[in-house]
Amino acid sequence: MTTPSIGTEFDTVLVVDFGAQYAQLIARRVREAHVHSEIVPHDITAAEIRERAPQGIIFSGGPASVHADGAPTIDQEIYDTGVPILGICYGGQLVARDLGGEVAKTGRGEYGRADLERADLGTDGRSLLFGDDAPDSQVVWMSHFDTITRAPEGFQVVASTPDTPAAAFESPERGLYGVQFHPEVVHTQMGQDLLKHFLYDACGCRPSWTMLSVIETQVEAIRAQVGDGRAICGLSGGVDSAVAAALVHKAIGHQLTCVFVDTGLMRKDEGDQVVETFKRNFGIELIHVRAADRFFDKLAGVTDPEDKRKAIGELFIRIFEDAKGGITDADFLVQGTLYPDVIESGGGAKAATIKSHHNVGGLPEDMDFDLVEPLRDLFKDEVRRVGEELGLPEEIVWRQPFPGPGLGVRIIGEVTPDKVALLQEADAIVRVELHKAGMDREIWQAFAVLPDIKAVGVMGDERTYGYPCIIRAVTSDDAMTADWARLPYDLLEKMSSRIINEVPGINRVAYDITSKPPGTIEWE
Ligand code: XMP
C-alpha cells in the first residue's frame with residue numbers, strides 16, 4: 124500500500140498528545156494559522172523529532188496531574204533539540220517542572236474563565252508570546268488543578284492570574300514557552316494570536332498551509348502515485364468520498380472511474396444529486412448501479428438492527444465488487460480517509476465496539492489495490508474547504524454526516540420501500556426547515572426516525588391510525604458525545620405541522636431530548 128503524505132511540503136509543527144481531545148483542537152488551530160500540524164504520541168523520542176525536523180513543537184494539555192504516578196512524561200533530550208517548544212496546560216506544567224520550576228498543589232484549581240494580567244516588563248521588556256498587540260488584561264480559559272507557581276531559572280514570567288503566578292513564561296533565547304491556560308479554545312480572547320506569535324515569531328513558520336496549496340500538492344502527489352494507471356472510487360454521497368473523487372479527478376481526469384451504488388436507502392433526491400454533480404457537472408466517468416430492489420429483497424423480514432447492518436454491508440460489497448469487475452485494469456482505489464481516522468487507528472486502546480459500523484462506501488480488506496487517500500492529512504473542516512475550492516455544490520460539501528447503511532438504521536423494525544418513502548419525505552421536511560431557519564451549520568445532524576409502532580389520531584373528522592415520526596437533532600463536535608439541540612419551538616412546530624399535513628401515514632411527531640450518552644445519535 125502506498126500513501127503519499129503532504130506533510131513534507133510545508134513547515135510542520137508537531138503537537139505532542141498528552142491526552143483526550145486537547146491535541147486535535149490545538150492541531151486544528153495551528154492549521155487555521157496556515158501552518159501544517161501533525162499529532163504525535165508523547166513517547167516520541169528526541170531522535171525521532173530530529174528526523175522529522177519540525178519547525179516547532181506544542182505539548183498539549185491532558186487530564187493527568189504531573190505529580191501522579193505514571194503521569195505521561197517526555198524524553199528530556201527533546202529540550203536540547205533546539206526546536207521551539209510551547210507547553211499548554213499540562214504541557215506547560217511539564218516544561219516548568221522538567222526545567223526546574225515549580226508546579227504545586229495549591230488546593231485551588233481554576234476551571235473556566237480567569238482574568239489574565241500581563242506582567243510589567245519595564246520599558247525595554249518584551250514578551251514574544253504576547254507581542255505588542257495583546258491588551259494588559261484579557262479573559263482566558265483554564266482547566267487545571269495543579270498550578271505553575273514558579274517558572275524555571277532563566278525564564279521570564281509574562282502573565283499571571285489571581286491563582287496562577289506563572290500563567291505564561293518564556294525564554295525566547297532557548298525557544299521554550301509555557302502557558303497554564305488554553306489558547307486553543309475560543310473562550311480565550313487572544314488565544315489564536317498567542318499561537319500565531321509562537322508559530323511565526325518563535326518558530327519562523329511560513330503561513331503556507333492553505334487549501335489551494337493543499338490541492339496543488341495533492342494533485343502532484345496523486346499524479347506521481349498513479350502515473351498512467353487507472354483508479355476507481357466508491358461514491359457514497361457523503362462529503363469525504365465526494366471530495367476525494369473530485370480531487371483525484373482534477374489530478375488524473377479520465378483515468379478515474381467512480382462507482383455509485385444506489386441502495387435506495389439514501390435521503391430524498393440524494394442519488395440523483397450524486398449523478399448530476401459527478402457525471403454531468405464534473406464529467407467524471409460514473410458507473411451508477413440502481414440496486415434498491417436488491418436491498419429491499421435482502422432486508423425483507425429482517426428486524427434485528429445488527430442483522431440489518433450486516434445485510435446492507437454485505438450486499439453493498441458484493442454489488443461494488445461486481446461493478447468494479449468491469450474495470451479490470453484498475454490498480455488504485457481512492458478512499459476518503461481523514462486525519463482523525465489515521466490518528467485513531469495509529470494508537471491508543473480501541474473503544475469497545477458498540478455496534479458494527481459497516482461503512483457502505485467502505486470496502487473489504489482483502490482487495491488487491493494500492494490506496495490513494497488524498498485526504499488523510501486533513502480534518503473535516505479542511506475537507507469541506509477543499510470541496511468548496513474544487514467547486515462541489517454546497518449541498519454536498521456541507522452535508523451532515525449520514526450513516527453508511529442509510530435510512531436502514533433510522534427505521535425501527537423491517538425496512539420496506541413504503542416506510543423508506545415515508546421517512547424520506549419527513550426527513551426532507553426536517554432538513555429544509557432547519558436550513559430555512561439558518562441553523563444547519565450549528566447542528567451536527569438533524570433527521571427523522573420512523574419507529575415500528577402505530578397510534579390513533581384524528582384529522583378533520585376522520586380517525587387515523589398511523590406512524591409517529593421522531594425528530595432527532597443534536598449538537599456535537601465529533602459524534603462521540605452529543606447533546607439534543609434546543610431547536611426553537613416555532614421551528615419544531617413548523618416541522619411537525621408540515622410533516623403531518625404533507626406526509627400521509629404519519630399522524631404524530633415527537634422530539635427526542637436524549638443526549639449521547641446515554642442515547643446514541645442514530646435510532647436503530
Ligand atoms: P451513533 O448512532 O453511534 O452514531 O451515536 C455516531 C455517528 O456515526 C454515524 N454513523 C455511521 N457512520 N457508517 C458511518 O459512516 C455507519 O455505519 C454509521 N452508523 C452511525 C452517525 O450518523 C453519527 O454521526
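So in my numbering the end of the sequence shown lands on 647, straight run, no missing numbers. Where a beta carbon is used, it is the ideal one built from N, C-alpha and C, also for glycine.
Which same chain residues end up closer than 7 Å to residue i when comparing Cβ atoms and leaving out the 5 residues on each side of it in sequence?
i    : result
H157 : P330, S331, W332 and T333
A415 : D385, T386 and G387
E645 : P526, V532 and R533
According to DSSP, is residue i part of a helix, a strand, or is it coil?
i    : result
R609 : coil
H267 : strand
G470 : In this prediction, G470 has a pLDDT of 37, which is less than 50 and means its spatial position is unreliable; nothing more can be read from the coordinates.
V398 : helix
E240 : strand
T694 : For the chain, the structure presents residues 124 to 647; residue 694 sits outside this window and is missing.
G179 : strand
Q147 : helix
K503 : helix
T340 : helix
I211 : strand
D493 : strand
N482 : Because the pLDDT of N482 is 46, which lies under 50, any placement of that residue in the model is unreliable, and the number read from its coordinates should be weighed accordingly. Coil at N482, not helix or strand.
S260 : strand
S250 : coil
D385 : strand
D600 : coil
E408 : strand
K391 : coil
G105 : It is not possible to answer for residue 105, since the shown part of the chain is limited to 124 through 647.
R432 : helix
H310 : coil
G648 : This structure cannot settle anything about residue 648, because the visible part of the chain is limited to 124 through 647.
K542 : helix
E132 : helix
I283 : Before going further, note that residue 283 is Ser rather than Ile in the sequence given. Of the three classes helix, strand and coil, the one that applies to S283 here is strand, per DSSP.
On the premise that residue j lies in contact with residue i, defined as a C-beta separation below 8 Å, what is that separation, rounded to the nearest angstrom?
i    : j    : result
V189 : D286 : Their Cβ separation, rounded to whole angstroms, is 17 Å, which puts V189 and D286 out of contact at 8 Å.
Q547 : K391 : 4 Å
W264 : R241 : About 17 Å separates the two Cβ atoms, so there is no contact after all.
L498 : L461 : 6 Å
L317 : F418 : 52 Å between Cβ atoms; not a contact.
G232 : S183 : No, G232 and S183 are not in contact; Cβ-Cβ is about 18 Å, not under 8 Å.
I355 : V382 : 6 Å
V163 : I149 : With 8 Å as the limit, V163 and I149 do not qualify as a contact, their Cβ atoms being about 12 Å apart.
Give a single yes or no on whether residue i has its beta carbon closer than 7 Å to a heavy atom of the ligand XMP.
i    : result
G665 : Outside the displayed range of the chain (124 to 647) lies residue 665, so it cannot be described from this structure.
P627 : no
V532 : yes
I644 : yes
F492 : no
Q697 : Nothing can be reported for residue 697: it is not among the residues displayed for the chain, which extend from 124 to 647.
G210 : no
G527 : yes
K639 : yes
Q303 : no
Q568 : yes
P79  : There is no way to answer for residue 79, as the model of the chain reaches only from 124 to 647.
A170 : no
P591 : no
P524 : yes
A602 : yes
CB-CB under 6 Å to residue i, same chain, minus the five flanking residues each way: which ones, in chain order?
i    : result
E200 : A169
V366 : V506, V509 and G510
D635 : I593 and R595
G301 : G210, G215, V218, A219 and F292
Y323 : none
P288 : T272
R522 : V362
Return no unless some Cβ of chain C is closer than 8 Å to the Cβ of residue i.
i    : result
W646 : Although the question refers to chain C, the structure presented lacks it and comprises just one protein chain.
With 16 other CB atoms within 10 Å as the buried threshold, where does residue i fall?
i    : result
A374 : buried
Y588 : exposed
A578 : exposed
M97  : It is not possible to answer for residue 97, since the shown part of the chain is limited to 124 through 647.
F570 : buried
V553 : buried
S364 : buried
L530 : buried
I106 : Because the chain here runs from 124 to 647, residue 106 falls outside it and cannot be looked at.
Y590 : buried
Does at least one heavy atom of the ligand SAH sit under 7 Å from the Cβ of residue i?
i    : result
L137 : Among the ligands in the structure shown, the ligand SAH does not appear; only the ligand XMP can be found there.
Skipping 5 residues on each side, what residues in its chain have a beta carbon closer than 8 Å to that of residue i?
i    : result
P295 : L251 and A325
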